[in-house]
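Peer 1: The sequence shown: position 278 = 278 (full-length UniProt numbering), numbered continuously. All C-beta atoms, glycine included, are put in the ideal place defined by N, C-alpha and C. The structure displayed is predicted, hence computed values, not measured ones.
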Amino acid sequence: MRRKIPSTTALVSFEAAARHESFTKAAHELSLTQGAVCRQIGGLEEFLGVELFRRSRRGVKLTEAGLSYSRRVAQQLDAVERDTLSVMGQQGANAIELAVVPTFGTQWLLPRLKDFQHKHPDVTVHLTNRTRPFLFADTDFDAAIYFGDADWSGTQSHRLMGENSMPVCSPSFLNGRDHLQASELAELPLLQQTTRPYAWRQWFNAQGMDVARDMTGPRYELFSMLAQAAMHDMGVALIPPFLIQPPGDCQRLFAARQQGLPPDDSRTESGVGVTQRISRLAGRSGPELPAAPRADLSSISGSQWKITPTDITLCRVKTTSRSPQKKDLPPNIYRVFCPILA
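This is how it looks when you write it as structure tokens:
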């Protein structure tokens, strides 16, 4: 049966016109005449039986139906473009499609891919940001790196590394002091991370404290957003040092005491074998992902670190040795998830 789908040209013209709310700008972007764009959108409206734009002397404006349809069309065109680029970019079968949480991918994984490529020159790694789990069956991903427990239906997971988050803030919050008490920290604005809603509760529990406002404060989805907020004097954030310290550039962090939110397990894997599907694509027994970092801040003295007003500073916090209370809280672990193949 013939599919009831409008022409690609009409959809592309509509998406551009909806994005700009201008037929003229859409025509310029697509290297078409304004009349051609008008005809394509008019034909699309006739095909749908729905008015997508309201026309007036001052221009065009999306109708409610047009706005809703434009969002869905844009998503589908983006997906088609990604799939097309993926096919065009494949040099043989040795490609790995990897979904990864954004800041981890940018700050930890990308700097280590050069060494991976040197060891496996015939394997191409494609990275795409994903902040939430998804159905592997609906995507072309071979694996995903996420934070949390191993409860992801239809996958098998491998532990990559723990996450040891540290309280960080701008130098202005220290007011010339060399450390902050945990009780002082509790009085400052606490910046929250959307996917780590209990992070501050865990941290304060580890210091033997119960803080009523440990989940109160502005929330940010990405650690990169959290770091920027801390840099601009908006509050104190809990961030793993390796996510804000670029490899080879140790001049932007103050040498703080290593009193952070400890991972559930201090063991760190030296590498993670990529499982069946990736091994099959790579045509080998399975290349390893880059080794997890083994940074030791305890041997670095304060004189080795340069402070400027725009730097992030790790707060010095006097703490107790009490273990964090982790009942019903998610584990602080990064994992590699791969789909289970039949």
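Using alpha carbons as the reference points, say which of Asn175, Leu52, Gln207, Ala95 lies closest to Pro121.
Peer 2: Nearest option by C-alpha distance: Ala95.
Peer 1: Provide the residue(s) that pair with Ala99 in DSSP beta bridges, ordered along the chain.
Peer 2: Answer is Thr128, Ala144, bridged to Ala99.
Peer 1: Run through the DSSP bridge pairs and tell me what Tyr220 is partnered with.
Peer 2: DSSP, once it has assigned bridges, lists Gln193 as partnering Tyr220.
Peer 1: In terms of residue numbering, what span does the alpha helix (DSSP H) encompassing His158 cover?
Peer 2: Note, His158: premise wrong, no alpha helix (DSSP H); beta strand (DSSP E) at 155-162.
Peer 1: What did DSSP end up calling Val168 once you bin it into helix, strand or coil?
Peer 2: Val168: strand per DSSP, three-state reduction.
Peer 1: For Ile244 and Glu51, I'd like the C-alpha separation in whole angstroms.
Peer 2: So the two alpha carbons sit approximately 49 Å from each other.
Peer 1: Does the beta-carbon distance from Asp83 to Asp140 come in below 9 Å?
Peer 2: Cβ distance < 9 Å, so Asp83 and Asp140 count as in contact.
Peer 1: In chain order, what residues of the same chain lie with their CB nearer than 8 Å to the CB of Gly59, ignoring the 5 residues before and after it?
Peer 2: The residues are Glu21, Ser22.
Peer 1: Over the uninterrupted alpha helix (DSSP H) stretch that includes Lys114, give me the two end residues.
Peer 2: Per DSSP, Lys114 belongs to the alpha helix (DSSP H) from 110-119.
Peer 1: Let me confirm a value: Ile5 is counted as buried when at least 16 other C-beta atoms fall within 10 Å, else exposed. Which label applies?
Peer 2: So Ile5 counts as exposed.
Peer 1: Assign Leu62 to one of three DSSP states: helix, strand, or coil.
Peer 2: The answer is strand: DSSP assigns Leu62 an E or B state.
Peer 1: Could you round the C-beta distance between Thr155 and Cys338 to whole angstroms and report it? I think they count as a contact, below 8 Å.
Peer 2: Yes, they are in contact, since the Cβ atoms of Thr155 and Cys338 sit about 6 Å apart, within 8 Å.
Peer 1: Quick one: Cα of Glu97 to Cα of Val87, how far?
Peer 2: Their backbone Cα atoms lie some 12 Å apart in a straight line.
Peer 1: In angstroms, rounded to a whole number, what distance separates the CA positions of Phe53 and Glu81?
Peer 2: Rounded to the nearest angstrom, the two C-alpha atoms are 25 Å apart.
Peer 1: Taking the straight line between their C-alpha atoms, what separation do you get for Thr24 and Ala36?
Peer 2: Spanning the two alpha carbons is a distance of roughly 10 Å.
Peer 1: Using only the alpha-carbon positions, how far apart do Ser157 and Asp233 sit?
Peer 2: Looking at the two C-alpha atoms, the distance is approximately 38 Å.
Peer 1: Based on Cα-Cα distance, which residue from Ser153, Gly148, Ala237 lies nearest to Arg159?
Peer 2: The shortest C-alpha separation from Arg159 is found at Gly148.
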